[in-house]
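Undergrad:
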Amino acid sequence: YWININSPSSEELKEITRIFGVHSITAQVIMANEVRVKCDIYKNYMFSCYRTLKQEDDSISTNLYCLLYKRFLLTIHYGEAPQLIPVCRRIERLKSYIVITSDWINYAILNEIVDSLAPSVHQTETRVNQIEEDVLHFRGQDSFTILSRIGLCRKEIAKIHRLVEIKEDIVRTLTKRLKDSKRQLLVIPDVPLYLGDVQDHILAMLNGLSHHEAVLARSHSNYLAHVSNNLTKAANSTNEVVGRLTIIATVFVPINVVVGLWGKYYYQRNKNELFLCTTVFNSNNTNIYIAL
33 YWININSPSS EELKEITRIF GVHSITAQVI MANEVRVKCD IYKNYMFSCY RTLKQEDDSI
93 STNLYCLLYK RFLLTIHYGE APQLIPVCRR IERLKSYIVI TSDWINYAIL NEIVDSLAPS
153 VHQTETRVNQ IEEDVLHFRG QDSFTILSRI GLCRKEIAKI HRLVEIKEDI VRTLTKRLKD
213 SKRQLLVIPD VPLYLGDVQD HILAMLNGLS HHEAVLARSH SNYLAHVSNN LTKAANSTNE
273 VVGRLTIIAT VFVPINVVVG LWGKYYYQRN KNELFLCTTV FNSNNTNIYI AL
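Sequential numbering from 33 applies to the sequence shown in our numbering.
#1: Would you please state the rounded distance, in angstroms, between the beta carbons of Phe15 and Ser134? I believe it to be under 8 Å.
#2: Pull up the CB-CB distance for Arg209 and Met78, whole angstroms please, since I reckon it's below 8 Å.
#3: If the criterion is Cβ atoms closer than 8 Å, does the pair Leu206 and Cys71 meet it?
#4: Nearest-angstrom Cα distance between Phe284 and Arg276?
#5: Identify the continuous alpha helix (DSSP H) that holds Asn143 and give its terminal residues.
#6: Which term fits His109, buried or exposed, when burial requires 16 or more other beta carbons within 10 angstroms of its beta carbon?
#7: Ordered along the chain, which non-local residues of its own chain (more than five positions away) have a Cβ less than 6 Å from that of Thr58?
#8: Quick one: using the 10 Å Cβ neighbour count with 16 as the cut-off for buried, is Leu217 buried or exposed?
#9: Taking 8 Å as the threshold (C-beta atoms), are Thr158 and Gln115 in contact?
#10: Please identify the residue among Val153, Lys102, His169 whose C-alpha is closest to the C-alpha of Val259.
#11: Grab me the residues of Glu200's own chain with a C-beta within less than 6 Å of its C-beta, minus the 5 sequence neighbours each way, in chain order.
#12: Just list the residues that DSSP pairs Thr94 with in beta bridges.
#13: Check whether the region 41-49 and the region 112-132 are in contact - that is, three or more C-beta pairs closer than 8 Å.
#14: Check whether the region 189-197 and the region 137-156 are in contact - that is, three or more C-beta pairs closer than 8 Å.
#15: Grab me the residues of Arg215's own chain with a C-beta within less than 8 Å of its C-beta, minus the 5 sequence neighbours each way, in chain order.
#16: Please confirm whether Ile163 and Leu106 have their CB atoms less than 8 Å apart.
#17: Report all residues from its chain with a CB closer than 8 Å to the CB of Leu45; omit the five preceding and five following residues, and keep chain order.
#18: Any beta-carbon of chain B closer than 8 Å to the one on Glu245?
#19: From the DSSP output, which residues share a beta bridge with Leu100?
#20: Which of the three DSSP states, helix, strand or coil, is assigned to Asp72?
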């Protein structure tokens, strides 16, 4: 059978540890609500800790502590654990066809926790494909938005990868210890095969996440190449404008020098205007002026 306890108080937890013979180290881990994922084996039970994510909010996680005894499974958690609801439905659906044992329930919980990460992986895949498409057709608009999307998506991939990767170690440990006949915790010999199927799902997720990370790294490089290309085009355009200004300056600067050295101001009495003239030719006391 299966006993599930949600958010026990300190006094209740002490009573639970006394009734079920829980080791003091296990009790300390549960009381502290530690987030460290682990799998330990004791004299009369196997203790494992999983981290679960809420499907509606991937940023919120819940620690699920499982104590696997020979005849029953004890689960303790603080907060919501929606992954347990499908397990109950699965038990109701299969109890007429298979023998429901504590180790099978433990496998079903772990399988449901792993499967609950699949939507996050699929959402990440969609976001990665969209980012790759946007970078491929990059036109210079919203460049900062694309860069922030790449950074946020890589952060999300790292978080999911960390959650999935640690569960592979737990599955490997559970499979090894359930095969140990000395522990006498295994009732259904096919449970290690079920755990192998869970491990295959985990490896598939890890391979997908690694591929997504590689795609994002390539998209980041392509984005930087687009930005560098745009900066090069802007620099070439600026150099072209500067070149034209240089030609104009080359024409007008000598004129300004001549006016500055030989220019004179003259007053035109009839029109009461002051204008600037410079001498450009002087021969036999005859001056030729240009008015500026």
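From the three backbone atoms N, C-alpha and C, an ideal C-beta is built for every residue, glycine too.
TA: Considering the structure as presented:
#1: Lying before the first or after the last residue shown, residue 15 is absent from the chain, which here runs from 33 to 324.
#2: At roughly 7 Å, the Cβ-Cβ gap stays under 8 Å, so Arg209 and Met78 are in contact.
#3: Taking a C-beta distance under 8 Å as the contact criterion, Leu206 and Cys71 qualify as a contact pair.
#4: Rounded to the nearest angstrom, the two C-alpha atoms are 13 Å apart.
#5: From DSSP, the alpha helix (DSSP H) with Asn143 extends over 134-148.
#6: Buried: at least 16 other Cβ atoms inside 10 Å.
#7: If we look at Thr58 and ignore the five residues flanking it on each side, its Cβ neighbours are Phe79.
#8: Summary for Leu217: the model assigns pLDDT 48, below 50, so the residue's position carries little reliability; its value from the coordinates is reported in the next sentence. By the neighbour-count rule (16 or more Cβ atoms within 10 Å), Leu217 is buried.
#9: The answer is no: Cβ separation not under 8 Å.
#10: The closest CA to that of Val259, considering only Val153, Lys102, His169, is found on His169.
#11: The beta carbon of Glu200 sits closer than 6 Å to those of Ile234, all from its chain and outside the five residues before and after it, given in chain order.
#12: Looking at the DSSP assignment, Thr94 forms a beta bridge with Thr84.
#13: A contact between stretches requires three or more CB pairs, one per stretch, nearer than 8 Å, and the region 41-49 fails this requirement with the region 112-132.
#14: Touching, yes.
#15: With a pLDDT of 49 at Arg215, under the threshold of 50, the modelled position of this residue cannot be trusted; read the value that follows with caution. Only Ile73, Met78, Arg209 meet the Cβ criterion.
#16: The answer is no: Cβ separation not under 8 Å.
#17: Correct list, in chain order: Ala59, Ile62, Met63, Ile108.
#18: Although the question refers to chain B, the structure presented lacks it and comprises just one protein chain.
#19: Leu100 is bridged by DSSP to Met78, Leu105.
#20: For Asp72, the three-state secondary structure derived from DSSP is strand.
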